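So the sequence lines, in the order shown, correspond to chains R and G.
Under this note's numbering, the first residue of the first sequence carries the number 86, and numbering increases by one thereafter.
Under this note's numbering, the first residue of the second sequence carries the number 13, and numbering increases by one thereafter.
Virtual Cβ for every residue (Gly too), placed ideally from N, Cα, C.
Values in this document were obtained by computation on a predicted structure and should not be read as measured data.
Down below is the structure, laid out as structure tokens.
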Amino acid sequence: MPYSLSNHPHHHDHQPAHGHSDVPSDPALRTKALESLLTEKGLVDPAAIDAWVEAYEKKIGPRRGAQVVARAWVDPNFKGRLLRDATGAIETLGFLGREAQHIVVVENTPAIHNLVVCTLCSCYPWGLLGLPPRWYKAAPYRARAVIDPRGVLAEFGLALGDEVEVRVWDSTAELRYLVLPERPGGTEHLSEAELAALVTRDAMIGVAKAGALREGRA
Amino acid sequence: MNQPEAKPCADAALQPIRRVEGEPLFAEPWEAQALALAVALQQAGCFTAVEWADALGVAIKRAQAGGDPDDGSSYYLHVLDALERLVQEKKIASADLLAAKKAAWVDAYEHTPHGKPVELR
């Protein structure tokens, strides 16, 4: 009920009859209506829509971000540039492409822990991390990351000492933050690729440390 | 520097953060398509990323005011709402046109025998 087109004076009741194709849900129909209208106007290409969906469902995940972090851990020059001009540094790895967004990288240290949120909606560095998990887009995280970041971190299993300063960064459409986690101790012998495997999505949002989890949680 | 101000919804501040392992990105195909349309319209220059984030933020606040739990499960309904409103604000299509196109799709489904591809007539 709440999802029919607002301000629309007509009402269409779609009781399914027998024998015909099942009528999709209201939001699915609204999406089809938009897609067909926008296609007719030449504003979107259905093949490009399908390709975008397939890329985000199957290809683009947090691995690109993990490669950026691992490179920064092994290459001080790259790290320096990453902290000064993240977008430019990341472009040298070829990761941003058409969905280039202005990225800012914030570095965790023994004294500073950074946490990223979008209080407004869901701004997030898609090109580096894929699409955000559901909890990132939900009100509890959006609200609590700002007013109780230590409580949020504890809920994610990350207890920080009082001596550690927690900085919260609010992503926007123009400015998207990525956390550069601390390189875990005892990893001096690892290759760049092995290091990248220690970097989870959650570590780059700032709700975990690198190496603390083997795989990013959904 | 972009340090946020605390201005959150009071109820949300009391809720635990609910995480589900292995959750699919999209619960239904339309969710992916709606988001892809929003990206495509930005790339086509119909609106900016800032306009999109603002419209999405407004859609979320409006849904919250209407009792939406805003727990992430309704996120793509907010995306769709923001998309429809921006399309109208930018004079790309009117509400009537969107509704007529939706009705045409319903008609197509109701008049296509089961198993045949559904196409607009």
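Beta carbon proximity, residue i to chain R, threshold 8 Å
| i | result |
| --- | --- |
| G:Leu89 | yes |
| G:Arg30 | yes |
| G:Leu110 | yes |
| G:Lys103 | no |
| G:Leu132 | yes |
| G:Ala48 | yes |
| G:Ala77 | no |
| G:Leu37 | yes |
| G:Leu98 | no |
Length of the line joining the Cα atoms of residue i and residue j
| i | j | result |
| --- | --- | --- |
| G:His126 | G:Leu132 | 15 Å |
| G:Ser85 | G:Pro129 | 30 Å |
| R:Leu167 | R:Val154 | 9 Å |
| R:Gly301 | G:Glu122 | Because the pLDDT of R:Gly301 is 41, which lies under 50, any placement of that residue in the model is unreliable, and the number read from its coordinates should be weighed accordingly. When rounded, the distance between both Cα atoms is 43 Å. |
| R:Met289 | G:Glu101 | 36 Å |
| G:Leu92 | R:Val264 | 30 Å |
| R:His105 | G:Ala112 | 20 Å |
| R:Thr112 | G:Lys103 | Note that residue 112 of chain R corresponds to Pro in the displayed sequence, not to Thr. If you take the alpha carbons of R:Pro112 and G:Lys103, they lie about 21 Å apart. |
| G:Glu63 | R:Asp255 | 17 Å |
| R:Ile281 | R:His274 | The question names Ile, yet the displayed sequence has Ala at residue 281 of chain R. For R:Ala281 and R:His274, the distance between alpha carbons rounds to 13 Å. |
| R:Phe163 | R:Leu178 | 10 Å |
| R:Val231 | G:Arg97 | 29 Å |
| R:Arg252 | G:Asp108 | 47 Å |
| G:Val70 | R:Ser276 | 46 Å |
| R:Ala297 | R:Pro195 | Bear in mind that the predicted position of R:Ala297 carries a pLDDT of just 48, short of 50, making it too unreliable to give a figure here. |
| R:Val33 | G:Ala44 | Because chain R spans 86 through 303 in this model, residue 33 of chain R falls outside it and cannot be assessed. |
| R:Arg148 | R:Pro266 | 14 Å |
| G:Gln27 | R:Pro225 | 6 Å |
| R:His198 | R:Thr257 | 20 Å |
| G:His90 | G:Ala77 | 13 Å |
| R:Ala136 | R:Gly246 | 45 Å |
| G:Phe59 | R:Asp287 | 31 Å |
| R:Pro234 | G:Val32 | 20 Å |
| R:Gly173 | R:Val108 | 48 Å |
| G:Ala18 | R:Arg227 | In this prediction, G:Ala18 scores a pLDDT of 44, lower than 50, which makes its location untrustworthy; the coordinate-derived value is nonetheless stated afterwards. Approximately 10 Å between the Cα atoms of the pair. |
| R:Glu120 | R:Trp158 | 44 Å |
| R:Ala140 | G:Val51 | 13 Å |
| G:Leu47 | R:Glu250 | 36 Å |
| G:Ser106 | R:Leu122 | 11 Å |
Cutoff 8 Å: residue i Cβ touching any chain G Cβ
| i | result |
| --- | --- |
| R:His97 | With a pLDDT of 44 at R:His97, under the threshold of 50, the predicted position of this residue should be treated as unreliable, though the coordinate-derived value follows. Closer than 8 Å to some Cβ of chain G, the Cβ of R:His97 qualifies, so yes. |
| R:Glu176 | no |
| R:Gly212 | no |
| R:Pro161 | no |
| R:Val264 | no |
| R:Glu250 | no |
| R:Trp158 | no |
| R:Val129 | yes |
| R:Ala239 | no |
| R:Ala132 | no |
| R:Thr272 | no |
| R:Leu216 | yes |
| R:Tyr209 | no |
| R:Val154 | no |
| R:Glu259 | yes |
| R:Glu277 | no |
| R:Glu267 | no |
Bridge partner(s) assigned by DSSP for residue i
| i | result |
| --- | --- |
| G:Pro125 | R:His105 |
| R:Glu250 | R:Ile197 |
| R:Val191 | R:Val264 |
| G:Val32 | In the DSSP output, where bridge partners are listed per residue, G:Val32 has none listed. |
| R:Asp255 | R:Val202 |
Distance cut-off 7 Å: residue i Cβ against heavy atoms of the ligand MG
| i | result |
| --- | --- |
| R:Gly104 | Inclusion of the ligand MG in the displayed structure is not the case, the ligand content being empty and no account of it being possible. |
- Query: At a Cβ cut of 9 Å, what residues of the stretch 186-206 of chain R count as close to chain G, listed as they run along the chain?
  - Reply: Result list: Gln186, Val189, Val202, Cys203, Thr204, Leu205, Cys206.
- Message: Along the stretch 105-125 of chain R, where does the CB come closer than 8 Å to a CB of chain G? Name the residues.
- Response: His105, Ser106, Asp107, Val108, Pro109, Ser110, Pro112, Ala113, Leu114, Arg115, Thr116, Lys117, Ala118, Leu119, Glu120, Ser121, Leu122, Leu123
- Query: In chain order, which continuous runs of the alpha helix (DSSP H) of length 4 or greater are located wholly inside the stretch 110-183 of chain R?
  - Reply: 111-125, 131-139, 148-159, 161-169, 171-176
- Message: Please identify, using Cβ separations under 9 Å, the residues of the stretch 220-234 of chain R that lie next to chain G, in order along the chain.
- Response: Trp220, Tyr221, Lys222, Ala223, Ala224, Pro225, Tyr226, Arg227, Ala228, Arg229, Ala230, Val231, Ile232, Asp233
- Message: Could you tell me which whole alpha helix (DSSP H) segments of length 4 or greater appear in the stretch 215-252 of chain R?
- Response: Taking only runs of at least 4 residues, the alpha helix (DSSP H) segments lying wholly in the stretch 215-252 of chain R are 219-222, 224-232, 234-240.
- Message: At a CB distance below 7 Å, what residues from the stretch 55-72 of chain G approach chain R? Give them in sequence order.
- Response: Gln55, Ala56, Cys58, Ala61, Val62, Trp64, Ala65, Leu68, Gly69, Ile72
- Message: Under 7 Å, CB to CB, which of the residues in the stretch 279-295 of chain R have a partner in chain G?
- Response: none
- Query: Along the chain, which unbroken stretches of the alpha helix (DSSP H) at least 4 residues long are found entirely within the stretch 46-107 of chain G?
  - Reply: 61-77, 87-101
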